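Heads up: the sequence shown begins at 292 in the numbering used here, then just goes up one per residue.
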Amino acid sequence: MDAKSQWLSIILIASSLGCLSGWFAALQQLQQPLARLNLVTPVFVLDRAELIQSIPPNASQDQMDKIVGDWQAQSKKLSDAGYLVIDSTAVVAAPDDVYVRHDGK
């Protein structure tokens, strides 16, 4: 084996070991946060007052039924996905990103 092949082999082995040890270290570092994350139930807040305010005053009964039906379907999808869905009247304080907004379509 010539010197060039030896250096190439050493570099390949060293980089492989470096990648493997980096992956193992990252796995060890993430084990505790991932285990803790599995204990937390994600929460979404549905703002019924905002939904009602977003309905146009001249909306027909069919339009209102569709908006409310979409809202209920959205909450059902979140619930089926494992999220806790609560109404905003039960919330004392929450970050803005947990609120589910009506898109106004």
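Glycine residues also receive a C-beta, built at the ideal position from the N, C-alpha and C atoms.
Nothing here was measured: the structure is a model prediction, and the numbers come from that model.
Buried versus exposed, by CB contacts within 10 Å (16 or more), ALA384
Translated into positions along the sequence shown, residue 384 becomes position 93. ALA384 comes out exposed.
Helix, strand or coil for VAL359 per DSSP?
Mapped onto the sequence shown, residue 359 falls at position 68. Helix at VAL359.
Assess contact between the region 329-345 and the region 370-383, defined as three or more Cβ pairs (one per stretch) separated by less than 8 Å. Is contact present?
Judged by Cβ distances under 8 Å, the region 329-345 makes contact with the region 370-383, as three or more pairs qualify.
Mind checking ILE343: buried by the 16 CB within 10 Å criterion, or exposed?
Start at 1 with the first residue of the sequence shown, and residue 343 comes out as number 52. Under this definition ILE343 is an exposed residue.
Report the residue from LYS368, PRO333 and ILE358 whose alpha carbon sits nearest the alpha carbon of PRO386.
Sequence index remark: in the sequence shown, residue 386 carries index 95 (1-based). With distances taken between Cα atoms, PRO386 lies closest to PRO333.
Helix, strand or coil for LEU375? Go by DSSP, reduced to three states.
For the purposes of this step, residue 375 is identified with residue 84 of the sequence shown, where counting begins at 1. LEU375 falls in the strand class under three-state DSSP.
Is VAL391 helix, strand or coil when you go by DSSP?
In the sequence shown, the residue the question calls residue 391 occupies position 100. VAL391 falls in the strand class under three-state DSSP.
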